[in-house]
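Before any comments, here is the structure.
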Ligand SMILES: [Zn+2]
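Numbering (the numbering used here), first residue to last: 2 to 413.
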């Protein structure tokens with residue numbers, strides 16, 4: 002135990018306390034507005050849908066609070082409780098070269114964490130989402146997903162970890178810069194490769210086979226000089242009834258993906274409006290800004306790790322007795338969210354600002370009323386609450402609540 006231990010505990014506890022408080026406020030706020038649909042929506046959202054959304058959001062927030070409690074306890078067990086130290090001792094006892102010890106250690110931490118996380122994911126899908134009729138996942142699919150994710154993490158993660166640990170051990174004082182470049186290159190490659198090589202392992206993607214809709218979408222894309230390698234419909238309905246649309250990929254490998262659930266629910270006018278919104282994110286350079294911001298944050302992070310790696314108090318303060326490159330990396334990844342958590346309102350704020358910018362772009366391309374009616378349907382089908390607690394929303398919401406987006410799109 003040293004000063005850093007106390008700083009870590011204070012950051013972790015105050016973050017958890019704040020989240021707990023916000024969650025409780027959110028639930029109270031929604032419950033007190035459950036009895037009536039808020040005025041601007043009283044014509045197009047039935048009271049049953051409003052109450053379902055209220056109950057669903059309360060259940061989701063409550064589950065989130067339980068997960069917060071469990072993850073905070075697990076973090077304390079890994080660090081101050083000596084979990085990492087214990088695992089390290091076991092792997093060290095095989096006297097392998099340090100590079101292998103480190104790689105096996107990090108993979109073991111990842112594997113144990115994902116096994117501990119599995120019951121929570123199962124609860125989310127098979128109890129909470131099921132209860133509200135959103136879940137379409139079968140236990141078989143859940144287990145295959147888990148296996149595929151684990152194999153992918155091993156296949157892609159292991160070479161990356163070996164490379165990073167090698168830089169940390171042998172690349173001199175600027176190793177953190179090489180690690181940052183590796184991270185940056187890896188992220189860009191993954192963005193490029195994800196739609197064509199990884200997403201198809203989990204879902205089926207079929208080209209949009211509605212010629213009339215495809216022509217309209219292509220006209221919208223052409224007008225905006227946007228090149229992609231196709232419009233696809235994804236079988237999102239195999240896992241959930243929640244609907245969505247997104248752009249994915251990088252450079253010429255960009256794709257437009259609609260969930261089949263969305264295609265079934267929205268009219269062509271509304272689909273075009275949703276797509277115009279997504280296109281707005283590209284046109285306003287939100288993707289590039291995001292990559293640049295993450296790049297700067299990770300550069301600062303790796304530079305900080307470059308300084309911390311030689312500080313004995315960093316290891317001792319977090320319950321590790323035997324300093325090493327791989328423990329520095331693991332501690333950094335596990336412990337830094339306790340500190341960076343307080344930046345979340347800033348990221349949420351920027352994200353919500355981008356959403357409104359994309360809405361503005363869409364409103365200039367299509368009739369704003371088409372986007373409004375699409376949003377109302379999406380908020381209703383996904384059971385998003387129309388009445389979030391303002392403070393909770395400011396902290397957590399990446400998208401503005403429906404009333405704000407719709408007021409923003411409405412004339413006058
Ligand atoms: Zn958006």
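Here a beta-carbon is modelled for each residue, glycine too, at the ideal position from N, C-alpha and C.
Judged by the Cβ position, residue 109 fails to qualify as a neighbour of ligand 1 at the 7 Å threshold, every heavy atom of the ligand being at least this far. Residue range 246-249 is occupied by the beta strand (DSSP E) that includes residue 246. Judged by DSSP secondary structure, residue 292 falls outside any beta strand (DSSP E) and instead within the alpha helix (DSSP H) spanning 287-309. Restricting attention to 304, 301, 302 and 326, the CA atom closest to the CA of residue 313 is found in 326.
What you get when you keep residues with a C-beta closer than 6 Å to any heavy atom of ligand 1 is 278, 282, 356 and 359. With respect to residue 381, residue 267 sits apart: the two C-beta atoms are not nearer than 8 Å.
For the pair residue 295 and residue 333, the CB atoms are not nearer than the 8 Å cut-off. Residue 229 and residue 276 have their C-alpha atoms some 13 Å from each other. The Cβ neighbour count for residue 95, taken over all protein chains shown within 10 Å, is under 16; the residue is labelled exposed. For residue 358, the closest C-alpha among the options 235, 232 and 405 is that of 405.
Judged by DSSP in its simplified three-state form, residue 240 adopts coil rather than helix or strand.
At a Cβ-Cβ threshold of 8 Å, residue 322 and residue 56 do not count as neighbours. Judged by DSSP in its simplified three-state form, residue 338 adopts helix.
Looking only at 208, 7, 245 and 260, the smallest Cα-Cα distance to residue 232 is reached by 208. Burial state of residue 139 is exposed, judged by a 10 Å Cβ sphere holding fewer than 16 other Cβ atoms. Residue 390 is positioned such that its CB atom lies closer than 8 Å to that of residue 27. Comparing alpha-carbon positions, the option among 3, 302, 169 and 409 lying closest to residue 99 turns out to be 169. In summary, residue 368 is exposed, with fewer than 16 beta-carbon neighbours lying within 10 Å of its beta-carbon over all protein chains present. Setting aside the 5 residues that flank it on each side, residue 251 is surrounded in the same chain by 189, 192 and 193, each with a C-beta closer than 7 Å to its C-beta; the list follows chain order. The criterion of a C-beta distance shorter than 8 Å is satisfied by residue 121 and residue 68.
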